[in-house]
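So the structure is just underneath, and the comments pick up after that.
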Amino acid sequence: MIIDPITFFVVGACFVLFMVFSLIRVGLGPTTPDRVVGLDTMNTLVVATMIVLGAAFDEVVFIDVAIIYALLSFVGTLYVARYLEGGL
Amino acid sequence: MSAAQSIIHVVVLVLIVAGGALAVWFKDLISAVLSLAAASLLVSLEFYLLQAPDVAIAEAGIGAALTTAIYVIAVRRTRRKEEE
Amino acid sequence: MLAILVTAVVAFLFYLLLTLGSGSVGEWSATELITGAVLSLIAGLIAGRVVFSKKERSGKSHYRMLNPLRWLTFLVYLIGPFFFAMARANLDVAYRVITGRIRPGIVRLSPGLSTDLGITLLANSITLTPGTLSVDVDEGTGDLFVHWINVKDTEPTCEAVCGSFPKWARRIAE
Amino acid sequence: MGGLIYVLFGISVVFNGLGVIALIRFPDVYTRLHGATKCTTFGSIFTALGIIAYGFARGGAAHETLAIHTIVALVALLVTNPTGSHAIARAAHRSGVKPKGAVVDRLEGRS
């Protein structure tokens, strides 16, 4: 073993704690674009958590979930952005 | 199961409840849709933590992309603010 | 026809990358190879016309990106100047988060690029490098509107804001 | 090799934390986007680099596959993240959010 497997869970726990602040921005943000920024940050953090925990559980399928998540969450952000600028 | 893993589980579950509560509480419907998207992405992460990657993929596709799109289109066709 | 074929081949290469090490025919199993061929053909039929549809303003061919030299340049750019600028950007943001010293404004830049891909590459690079965030683009002239966190002058030249990036973008995408 | 992986993870945690602090502290949408996009993208790149180093250092077919899939995830993240932030900034300006305390706004009046 090269590094202690607990490390992955500690890094994941740090990312999950950062998500708390991101959700605070979603709840607090004065305008709607602020909330979208909070959601986008949360998406990135979830992808990073999924990559780290995929290595911790030692399964390749778990990394694939992260790829699919990164590509799909982008679609949701784009939809809300298109609504806000008056298109759609 | 280590202590760090328990922390991850507890924080994610608390965040799911908080996201759902925000979705009920907002009067602005777009903000409610955004909080619902946040809650559903955390549900996806929770499925992932419980070692069910296939369910997590389905939840990511339906919760993050499809539900948000359908709700945004529905809000576009109706009113943006909730009424008392 | 060429559009469909190129898209299918690229999709097939991507499928091979994702299923690397699954069996005994080379590195792949026979099932994966057949499935990948069929799926990438379907993807090419659906997406080929979309990928190569819109005409460029400058009239350049879409197939210029098939030249491997451009991809090699892109890789060099990604590892060298881009990564360095990104590290500098993050230290800059750290400094501004801690001191709270900002002077924001939206300025206009004329990079003089003519292709859509080049403008996209430059806008994404600008977003990830020190103190700037691309907000909007003038689709007629290719001018970029950039939110600058520390405005030094209100009519900047392109070199003052984004350094050598337009040169790299021209080399890669035009 | 183990020390290098620890350093990469440490950098990633520090920069992700900075991004989140920027999200809380900055005054308006555009400056928040600055902090959030740059810092979280940079932090996630270092997370992925740590996993790639781990996969190639462990060796064996399974771990190398894991590293290759992580590279694909990294590319997806690098493409989608700045594009999403660009979309949000444009939507914010078109929906009428003004940059707070701006010295100059060349985009004002156009849409």
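Protein chains in written order, with the numbering used here: chain A, 11 to 98; chain B, -5 to 78; chain C, 141 to 314; chain D, 261 to 371. Just so it is clear, CB atoms sit at the ideal spot from N, CA and C, and this is done for glycine as well.
So, are the CB atoms of residue i and residue j less than 7 Å apart?
i, j, result
"residue 75 of chain A", "residue 33 of chain B", "no"
"residue 73 of chain A", "residue 317 of chain D", "no"
"residue 296 of chain D", "residue 283 of chain D", "yes"
"residue 300 of chain D", "residue 276 of chain D", "yes"
"residue 143 of chain C", "residue 176 of chain C", "no"
"residue 345 of chain D", "residue 293 of chain D", "yes"
"residue 47 of chain A", "residue 326 of chain D", "no"
"residue 322 of chain D", "residue 77 of chain A", "no"
"residue 72 of chain B", "residue 86 of chain A", "no"
"residue 364 of chain D", "residue 294 of chain C", "yes"
"residue 268 of chain D", "residue 304 of chain D", "no"
"residue 253 of chain C", "residue 282 of chain C", "yes"
"residue 263 of chain C", "residue 274 of chain C", "yes"
"residue 39 of chain B", "residue 58 of chain B", "no"
"residue 247 of chain C", "residue 366 of chain D", "yes"
"residue 328 of chain D", "residue 160 of chain C", "yes"
Which same chain residues, not among the five before or five after residue i, have their C-beta less than 8 Å away from its C-beta?
i, result
"residue 98 of chain A", "89, 92"
"residue 242 of chain C", "236, 289, 290"
"residue 272 of chain C", "266, 286, 287, 288, 289, 301, 302"
"residue 41 of chain A", "none"
"residue 28 of chain A", "55"
"residue 277 of chain C", "259, 263, 283, 284, 285"
"residue 6 of chain B", "36, 39, 40, 43"
How would you call residue i, buried or exposed, if buried means at least 16 neighbouring beta carbons within 10 angstroms?
i, result
"residue 14 of chain A", "exposed"
"residue 298 of chain D", "buried"
"residue 141 of chain C", "exposed"
"residue 230 of chain C", "buried"
"residue 207 of chain C", "exposed"
"residue -3 of chain B", "exposed"
"residue 74 of chain B", "exposed"
"residue 24 of chain B", "buried"
"residue 311 of chain D", "buried"
"residue 304 of chain C", "exposed"
"residue 271 of chain D", "buried"
"residue 350 of chain D", "buried"
"residue 297 of chain C", "exposed"
"residue 322 of chain C", "No information on residue 322 of chain C is available, as it lies outside the stretch 141 to 314 that chain C covers here."
"residue 263 of chain D", "exposed"
"residue 96 of chain A", "exposed"
"residue 48 of chain B", "exposed"
"residue 16 of chain A", "exposed"
"residue 68 of chain A", "exposed"
"residue 184 of chain C", "buried"
"residue 2 of chain B", "buried"
"residue 220 of chain C", "exposed"
Could you pull out every residue in the same chain whose Cβ sits closer than 7 Å to the Cβ of residue i, ignoring the five residues on either side in sequence?
i, result
"residue 213 of chain C", "311, 312"
"residue 17 of chain B", "26, 29, 30, 33"
"residue 18 of chain A", "62, 63, 65, 66"
"residue 51 of chain A", "32"
"residue 265 of chain D", "310, 313, 314"
"residue 59 of chain A", "22, 25, 26"
"residue 320 of chain D", "none"
"residue 9 of chain B", "36"
"residue 13 of chain B", "29, 32, 33, 36"
Near residue i, which residues of its chain fall below 6 Å by C-beta distance, leaving aside the five closest residues on each side in sequence?
i, result
"residue 258 of chain C", "309, 313, 314"
"residue 31 of chain A", "none"
"residue 261 of chain C", "309, 313"
"residue 360 of chain D", "287, 288"
"residue 83 of chain A", "53"
"residue 317 of chain C", "Since the first residue shown for chain C is 141 and the last is 314, residue 317 of chain C is missing from the structure and cannot be characterised."
"residue 65 of chain B", "27"
"residue 45 of chain A", "36, 39"
"residue 306 of chain D", "268, 271, 272"
Original post:
Which runs of the beta strand (DSSP E) spanning at least 3 residues fall entirely within the stretch 285 to 313 of chain D, listed in chain order?
Top reply: none
Subject >> Inter-stretch contact at 8 Å, needing at least 3 Cβ pairs: the stretch 224 to 234 of chain C / the stretch 158 to 167 of chain C >> reply: no
Subject >> Whole alpha helix (DSSP H) elements within the stretch 211 to 289 of chain C, 4-residue minimum >> reply: 223 to 239, 256 to 267
Original post:
Are the stretch 34 to 43 of chain B and the stretch 141 to 157 of chain C touching by the rule of at least three beta carbon pairs closer than 8 Å?
Top reply: no
Original post:
Curious, which full-length alpha helix (DSSP H) runs of at least 4 residues does the stretch 27 to 75 of chain B contain?
Top reply: 47 to 53, 61 to 71
Subject >> alpha helix (DSSP H) runs contained entirely in the stretch 16 to 74 of chain A, provided each spans 4 or more residues >> reply: 16 to 38, 42 to 67
**OP:** Examine the Cβ distances between the stretch 168 to 183 of chain C and the stretch 51 to 70 of chain B and report whether three or more of them are shorter than 8 Å.
**Re:** no
Original post:
Does the count of Cβ pairs from the stretch 278 to 293 of chain D and the stretch 47 to 57 of chain A closer than 8 Å reach three?
Top reply: yes
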